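Position 122 of the sequence shown, counting from 1, maps to 121 under numbering that gives the first Met the number 0, and the rest follow consecutively.
Here is the structure we will look at, set down as structure tokens.
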Amino acid sequence: MKHLIDIMDLSVAEIDELIETALDIIKDPEKYQDVLRHKKLATLFFEPSTRTRLSFESAMLSLGGSVLGFSEAQSSSAAKGESVADTVRVVGCYADIIAMRHPKEGAPLVASMFSPVPIINAGDGGHNHPTQTLTDLLTIRREKGGLDNLTIGICGDLKYGRTVHSLINAMSRYRNIRFVLISPDELKVPDYIINDVLKKKNIPFKETASLEDSMEDLDILYMTRVQRERFFDESEYMRLKDSYILTPEKLINAKKTMSILHPLPRVNEISVAVDNDERACYFRQVLNGKFIRMALILKLLEVI
Ligand code: NCD
Numbered sequence: 000m001k002h003l004i005d006i007m008d009l010s011v012a013e014i015d016e017l018i019e020t021a022l023d024i025i026k027d028p029e030k031y032q033d034v035l036r037h038k039k040l041a042t043l044f045f046e047p048s049t050r051t052r053l054s055f056e057s058a059m060l061s062l063g064g065s066v067l068g069f070s071e072a073q074s075s076s077a078a079k080g081e082s083v084a085d086t087v088r089v090v091g092c093y094a095d096i097i098a099m100r101h102p103k104e105g106a107p108l109v110a111s112m113f114s115p116v117p118i119i120n121a122g123d124g125g126h127n128h129p130t131q132t133l134t135d136l137l138t139i140r141r142e143k144g145g146l147d148n149l150t151i152g153i154c155g156d157l158k159y160g161r162t163v164h165s166l167i168n169a170m171s172r173y174r175n176i177r178f179v180l181i182s183p184d185e186l187k188v189p190d191y192i193i194n195d196v197l198k199k200k201n202i203p204f205k206e207t208a209s210l211e212d213s214m215e216d217l218d219i220l221y222m223t224r225v226q227r228e229r230f231f232d233e234s235e236y237m238r239l240k241d242s243y244i245l246t247p248e249k250l251i252n253a254k255k256t257m258s259i260l261h262p263l264p265r266v267n268e269i270s271v272a273v274d275n276d277e278r279a280c281y282f283r284q285v286l287n288g289k290f291i292r293m294a295l296i297l298k299l300l301e302v303i
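Printed below as a string of structure tokens:
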């Protein structure tokens, strides 16, 4: 049985296949509207979420299936001290597939070792967020026409931002990719990703604190929120939270074709004045998240 715990669980060919399925769903949603009738998705969210949980639920409902679950740890038996292993053994008796978000890194991996049904990692601590990355890849493919030959700027909290870690891993497998990693010193990409992914694969990258300096080179600008909930020290968060605020003025030197992505939620790192710029893709990105999750559920349930 297949789970999706890390984006690297999928080969490039499998990712391409998921993207093709998502594009087919976008073209002809009626074809898919009943394919999962009588199947159930459980969303086990031990950590807050709006779009990820609702996008999984909306995806399952759009395939004709149904959903159950909880949206905070306090309303589950975890509050009584139940282990993740036991929770998924139990929920696996009620549902055909499980999407799990957890504050602890590795919790979905543990779940996958005990679950009788496929587990999808919907975000584990500051570690990984593979379905956000599938969303990002579908968005880049639709906006840019392909996933090769891109200079990708990633800006904000590159230390705790789990979407950043999964995105670097995934994009490193495409051709002629360069990264510009824009963050304050305190929020740089963790060494294990710099060493085990970028340096190991000889992928060109630059680390900088300046958002403006490389703006003109970028094909993609991926903005992220400073991850308040992962800081040990609130004063450190307060000091770093306004490190980057993208405004129309800062986009003056950007390519006309650059795409601005953001996994959302946004706090203030993109000014609302940017929303009407045609390069702003982040709300289209949300919709892509639903389609790619439909494709993923179909794949894990072996319908495609
Ligand atoms: C992201 C996450 O949960 O990591 N949100 C999401 O799933 N779209 C990004 C974030 O919370 O900043």
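Just so you know, even glycine gets a beta-carbon here, dropped at the ideal spot from N, CA and C.
Computed from a predicted structure; not experimentally measured.
Check: Tell me the residue span of the alpha helix (DSSP H) that contains residue 56.; Outcome: 50-61
Check: Measure the C-alpha to C-alpha separation of residue 185 and residue 201 and round it to an integer number of angstroms.; Outcome: 24 Å
Check: Assign residue 292 to buried or exposed, taking buried as 16 or more other Cβ atoms, counted over all protein chains shown, within 10 Å of its Cβ.; Outcome: buried
Check: May I ask you to check if the CB of residue 263 is nearer than 7 Å to at least one heavy atom of the ligand NCD?; Outcome: yes
Check: How many Å lie between residue 140 and residue 284 at the Cα?; Outcome: 11 Å
Check: How many angstroms separate the CA atom of residue 305 from the CA atom of residue 193?; Outcome: This structure leaves residue 305 out entirely; the chain is present only between 0 and 303.
Check: Compute the beta-carbon to beta-carbon distance between residue 42 and residue 68, rounded to the nearest angstrom, for a pair I have assumed lies under 8 Å.; Outcome: 4 Å
Check: Spell out the partners DSSP gives residue 96 in its beta bridges.; Outcome: 40
Check: For the structure I just gave you, are there three or more beta carbon pairs, one from the segment 167-185 and one from the segment 259-268, closer than 8 Å?; Outcome: no
Check: Just checking, does the segment 85-98 make contact with the segment 118-127 on the three C-beta pairs under 8 Å criterion?; Outcome: yes
Check: Looking only at its chain, what residues have a beta carbon closer than 8 Å to the beta carbon of residue 84, apart from the 5 residues adjacent to it on each side?; Outcome: 109, 110, 112 and 113
Check: Out of 298, 4 and 277, which one is the CA nearest neighbour of residue 131?; Outcome: 4
Check: Per DSSP, what kind of secondary structure is residue 205 in: helix, strand or coil?; Outcome: strand
Check: Taking a contact to mean a Cβ-Cβ separation below 8 Å, would you say residue 256 touches residue 155 in this structure?; Outcome: no
Check: Does residue 191 come out as helix, strand or coil in the three-state DSSP assignment?; Outcome: helix
Check: Does DSSP classify residue 271 as helix, strand or coil?; Outcome: helix
Check: Could you give the distance in angstroms between the alpha-carbon of residue 123 and the alpha-carbon of residue 165?; Outcome: 11 Å
Check: For residue 73, count the other beta carbons within 10 Å of its own beta carbon; 16 or more makes it buried, fewer makes it exposed. Which is it?; Outcome: exposed
Check: Does the beta-carbon of residue 268 have 16 or more other beta-carbons within 10 angstroms, so that it is buried, or is it exposed?; Outcome: buried
Check: In this structure, does DSSP put residue 222 in helix, strand or coil?; Outcome: strand
Check: Would you mind stating whether residue 20 and residue 303 have Cβ atoms separated by less than 8 Å?; Outcome: yes
Check: Between the Cα of residue 270 and those of 134, 241 and 254, spot the shortest distance and give me the residue it belongs to.; Outcome: 241
Check: Between residue 180 and residue 32, what straight-line distance do the alpha-carbon atoms span, to the nearest angstrom?; Outcome: 40 Å
Check: Could you spell out the range, first to last residue, of the alpha helix (DSSP H) harbouring residue 302?; Outcome: Run containing residue 302: none; DSSP gives neither H nor E here.
Check: Give the straight-line distance between the Cα atoms of residue 163 and residue 22, rounded to the nearest whole angstrom.; Outcome: 24 Å
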